[in-house]
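Take a look at the structure below.
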């Protein structure tokens, strides 16, 4: 097990390095840089700025410098905002995004899993129909539509919750719900279909025939196996929450990392795009690593390292 | 005890390894699926809705007296009425025609994504899962790497390299939209291939390709269909999401995400501008989901009738 984790860690590092390299090269393949403006800068100024940020170094030198600094955890300065480092941007805005994302994840698991389990156990009864109708609508509404609807109904018409900013815990409710909506519905559907499939298996019949209480059959024998597809789905959920945050943070004017990333793209702020991409990639690679380990742990049929 | 002739224990001659007669008729199974699907009211509702949307998207704009790009500045922000069914937008363009044009883009995006899923995704995932070991490791690392870069970044880079518009969205979808299918199929194959029926098939002399296509992939049909039907809406979502951020199709073209994004600043005074594109997205995706669920139930041979 330990050897397997070590091997996976090495592969994860290689993945991150490749992401860095590809992103670095793609960023530099784009015509037009952060210094491109409508009114061209005087050549002398341009030269000084390029000197200052090492933009006129050969590409390999810039790459080597970047990797060297990255290894020390330094993502470099922002090209657009003077005196601000990418590290600082991430340090300031990521906690906000993380709060938003984790709240959304909590909603997804606390609402999605029970809804799916109840639907499977009460198949074709009213509980099932209600939950699945809601889930069907849930996976049909894009997060930005849900967000705007929430703002219009709960924020404007009813006036219950603040419609923007990130000030109190109340302001976290609507963005988290908008971010979680789709995935909550998806997880509920996934849990239901997975549970139904598992409940038909012979070993469930055996467990029932042994006279085990229904509670034990459902939660000990069925749920553990039914969770396998849901665990696999956690990686995409994390990625979805991450990209979803771009839109949600924009709509609710939340000062999170997604907002900075989108702004960085529009400003052609190379170091911000690079830094945030590397950061996101590291995050997702780590999450996928955990998911894979969990996967082996709950499904012994998947042989380790084979 | 009955005498068993000794030659019964000899290996079979080569020619009797022909397996063509072993499998039952597949046609009956397919007929069964269609019959089951037709009994499912929601699935048929979804199917008819999709057909209706396709017809509207293809012929609707031609029959309408308005064009998607004609601006009538004296008719800004009109509510829905007999003149303009869905009202007009902030530049006086007919919203009904613009929503229909959005349907064209969304359907094209959905079609492209599902084709990529069914070809690249299924093949890639099944090869990785079935081969296992080093091959699987390398193939899945590639998937992980592609997955690690947010899709939005791909599209932005492609917008610059290929030029803005629908083409970049298609290329971006092609690069990324088989990843989830590959993972799903691989995970399924990985846990299926250790099961007894595979050992049985192997013991009966079935080759690798036969085991994969005859025994393993049919068992993955449910997840594959769920993934495709979930991926069509996902692709439509992605396009809407990109257009909403201002990274999608270029003006004056209309896509649902762009229409929703345009409506956002005026949502308090003109909610209809958001309502119709949002309804269009939701109904389309609902229809695909209903059809997908129906297909899933109809295709799974393990479900009792």
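Protein chains in written order, with our numbering: chain A, -8 to 297; chain B, 199 to 503. Idealized CB from N, CA, C, for every residue including glycine.
Shorter than 7 Å from the beta carbon of residue 153 of chain A to some beta carbon of chain B? Translated into positions along the first chain, residue 153 of chain A becomes position 162. No, its Cβ sits nowhere closer than 7 Å to a Cβ of chain B.
DSSP three-state assignment for residue 450 of chain B, whether helix, strand or coil: Within the second chain, numbered from 1, the residue matching residue 450 of chain B stands at position 252. Residue 450 of chain B: coil per DSSP, three-state reduction.
Cβ neighbour criterion (16 or more within 10 Å) applied to residue 407 of chain B: The count along the second chain starts at 1 and reaches residue 407 of chain B at position 209. Its Cβ having fewer than 16 others within 10 Å, residue 407 of chain B is exposed.
Do residue 175 of chain A and residue 102 of chain A come within 7 Å of each other at the CB atom, strictly closer than that value? If you number the first chain from 1, residue 102 of chain A lands on position 111. If you number the first chain from 1, residue 175 of chain A lands on position 184. Against a cut-off of 7 Å, the Cβ pair of residue 175 of chain A and residue 102 of chain A comes out as a contact.
Take residue 2 of chain A and list the residues in its own chain whose beta-carbon comes closer than 6 Å to its own, dropping the five residues that flank it on each side. By 1-based counting over the first chain, the position of residue 2 of chain A is 11. Same-chain partners within the cutoff: there are none.
Can you look up residue 154 of chain A in the DSSP assignment and give me helix, strand or coil? Counting from 1 along the first chain, the entry for residue 154 of chain A is found at position 163. Reduced to three states, the DSSP call for residue 154 of chain A is coil.
Where residue 411 of chain B falls, given that 16 or more other Cβ within 10 Å makes a residue buried: Locating residue 411 of chain B in the second chain gives position 213, counting from the first residue. Of the residues assessed, residue 411 of chain B falls on the exposed side of the cut-off, its CB having fewer than 16 other CB atoms within 10 angstroms.
Measure the C-alpha to C-alpha separation of residue 186 of chain A and residue 221 of chain A and round it to an integer number of angstroms. As a working note, residue 186 of chain A is residue 195 in the first chain. As a working note, residue 221 of chain A is residue 230 in the first chain. Straight-line Cα distance between these residues: approximately 11 Å.
In chain A, which residues lie with their C-beta within 7 Å of the C-beta of residue 233 of chain B? Counting from 1 along the second chain, the entry for residue 233 of chain B is found at position 35. None at all; the shortest Cβ gap to chain A is about 20 Å.
Near residue 238 of chain B, which residues of its chain fall below 6 Å by C-beta distance, leaving aside the five closest residues on each side in sequence? Taking the second chain and counting its residues from 1, one reaches residue 238 of chain B at position 40. Here the set comprises 492.
Going by other Cβ atoms of all chains shown within 10 Å of its Cβ, with 16 needed for buried, is residue 203 of chain B buried or exposed? Taking the second chain and counting its residues from 1, the one referred to as residue 203 of chain B is at position 5. With fewer than 16 Cβ atoms within 10 Å of its Cβ, residue 203 of chain B is classed as exposed.
Residue 279 of chain A: contacting residues in chain B (beta-carbon distance under 7 Å): The residue given as residue 279 of chain A occupies position 288 in the first chain. Within chain B, the residues near residue 279 of chain A are 342.
Using 8 Å as the cut-off, can you tell me whether the stretch 292 to 304 of chain B makes contact with the stretch 249 to 258 of chain B, which would need three or more C-beta pairs spanning the two stretches below that distance? Between the stretch 292 to 304 of chain B and the stretch 249 to 258 of chain B, the count of Cβ pairs shorter than 8 Å is three or higher; the stretches touch.
Contact list for the stretch 64 to 81 of chain A against chain B, Cβ threshold 7 Å: none
For chain B, find out if any of its Cβ atoms is closer than 7 Å to the Cβ of residue 133 of chain A; answer yes or no. Residue 133 of chain A sits at position 142 when you count from the first residue of the first chain. Yes, because at least one Cβ of chain B sits closer than 7 Å to the Cβ of residue 133 of chain A.
Rounded to the nearest angstrom, what separates residue 420 of chain B and residue 494 of chain B at their Cα positions? Residue numbering aside, residue 420 of chain B sits at position 222 when the second chain is read from its first letter. Residue numbering aside, residue 494 of chain B sits at position 296 when the second chain is read from its first letter. So the two alpha carbons sit approximately 5 Å from each other.
Buried or exposed, going by whether 16 or more other CB atoms sit within 10 Å of the CB of residue 299 of chain B? Start at 1 with the first residue of the second chain, and residue 299 of chain B comes out as number 101. By the 10 Å Cβ count, residue 299 of chain B comes out buried.
Uninterrupted alpha helix (DSSP H) stretches inside the stretch 401 to 486 of chain B (no shorter than 4 residues): 415 to 442, 454 to 461
In chain A, which residues lie with their C-beta within 8 Å of the C-beta of residue 469 of chain B? The residue labelled residue 469 of chain B in the question sits at position 271 within the second chain. Residues of chain A passing the Cβ test: 143.
Residues of the stretch 400 to 422 of chain B whose Cβ lies closer than 7 Å to any Cβ of chain A, in chain order: none
Just mark residue 134 of chain A as buried or exposed, buried being the case when its beta carbon has 16 or more other beta carbons within 10 Å. For the purposes of this step, residue 134 of chain A is taken as the residue at position 143 of the first chain. Buried, by the Cβ-count rule.
Note down the Cα distance separating residue 170 of chain A from residue 314 of chain B, rounded to an integer number of angstroms. As a position in the first chain, residue 170 of chain A is number 179, starting the count at 1. As a position in the second chain, residue 314 of chain B is number 116, starting the count at 1. Each residue's Cα considered, the two are about 27 Å apart.
So residue 378 of chain B contacts chain A; which residues on that side make the cut at Cβ distance below 7 Å? To locate residue 378 of chain B, count along the second chain from 1; it is residue 180. What residue 378 of chain B touches in chain A: 227.
So the candidates are A:129, A:199, A:196; which of them puts its Cα closest to the Cα of residue 178 of chain A? Residue mapping note: residue 178 of chain A aligns to position 187 of the first chain, counting from 1. The residue with the shortest Cα to Cα distance from residue 178 of chain A is A:129.
Under 9 Å by beta carbon: chain A residues contacting residue 366 of chain B: Within the second chain, residue 366 of chain B is the residue found at index 168, counting from 1. The premise fails here: residue 366 of chain B is roughly 13 Å from chain A at the closest Cβ pair, so nothing lies under 9 Å.
CA-to-CA distance, residue 375 of chain B to residue 439 of chain B, given in whole angstroms: Indexing the second chain from 1 puts residue 439 of chain B at position 241. Indexing the second chain from 1 puts residue 375 of chain B at position 177. Residue 439 of chain B and residue 375 of chain B: Cα-Cα distance of roughly 15 Å.
Taking the beta carbon of residue 191 of chain A as the centre, do at least 16 other beta carbons fall within 10 Å, making it buried, or is it exposed? Residue mapping note: residue 191 of chain A aligns to position 200 of the first chain, counting from 1. So residue 191 of chain A counts as exposed.
Going by other Cβ atoms of all chains shown within 10 Å of its Cβ, with 16 needed for buried, is residue 136 of chain A buried or exposed? Start at 1 with the first residue of the first chain, and residue 136 of chain A comes out as number 145. Around the beta-carbon of residue 136 of chain A, 16 or more other beta-carbon atoms lie within 10 Å, marking it buried.
Could you tell me whether any Cβ in chain B is nearer than 7 Å to the Cβ of residue 127 of chain A? Locating residue 127 of chain A in the first chain gives position 136, where the first residue counts as 1. For residue 127 of chain A, the nearest CB of chain B lies under 7 Å from its own CB, placing it at the interface with that chain.
Please classify residue 502 of chain B: is it buried, with 16 or more other beta-carbons within 10 angstroms of its beta-carbon, or exposed? By 1-based counting over the second chain, the position of residue 502 of chain B is 304. With a pLDDT of 48 at residue 502 of chain B, under the threshold of 50, the predicted position of this residue should be treated as unreliable, and no value is reported.
Quick one: which residues of the stretch 318 to 343 of chain B get their C-beta closer than 7 Å to a C-beta of chain A? List them in chain order. 330, 331, 339, 342, 343
Whole-angstrom C-beta distance between residue 157 of chain A and residue 87 of chain A, which should lie under 8 Å: Here residue 87 of chain A refers to the residue found at position 96 when the first chain is read from its first residue. Here residue 157 of chain A refers to the residue found at position 166 when the first chain is read from its first residue. Confirmed, about 6 Å.
State the Cα-Cα distance for the pair residue 149 of chain A and residue 468 of chain B, rounded to the nearest angstrom. Locating residue 149 of chain A in the first chain gives position 158, counting from the first residue. Locating residue 468 of chain B in the second chain gives position 270, counting from the first residue. Rounded to whole angstroms, residue 149 of chain A to residue 468 of chain B spans 18 Å at the Cα level.
Residues near residue 99 of chain A by beta carbon distance below 7 Å, same chain, minus five either side: Here residue 99 of chain A corresponds to residue number 108 of the first chain, with the count starting at 1. 171, 174, 175, 178, 228, listed in sequence order.
Which chain B residues are close to residue 238 of chain A, counting only those with a beta carbon under 9 Å from its beta carbon? Taking the first residue of the first chain as 1, we reach residue 238 of chain A at position 247. Within chain B, the C-beta atoms nearer than 9 Å to that of residue 238 of chain A come from 439, 442, 443, in chain order.
List the residues of chain A that residue 466 of chain B touches, going by C-beta distances under 8 Å, in chain order. Counted from its first residue, the second chain places residue 466 of chain B at position 268. Chain A residues near residue 466 of chain B: 143, 147.
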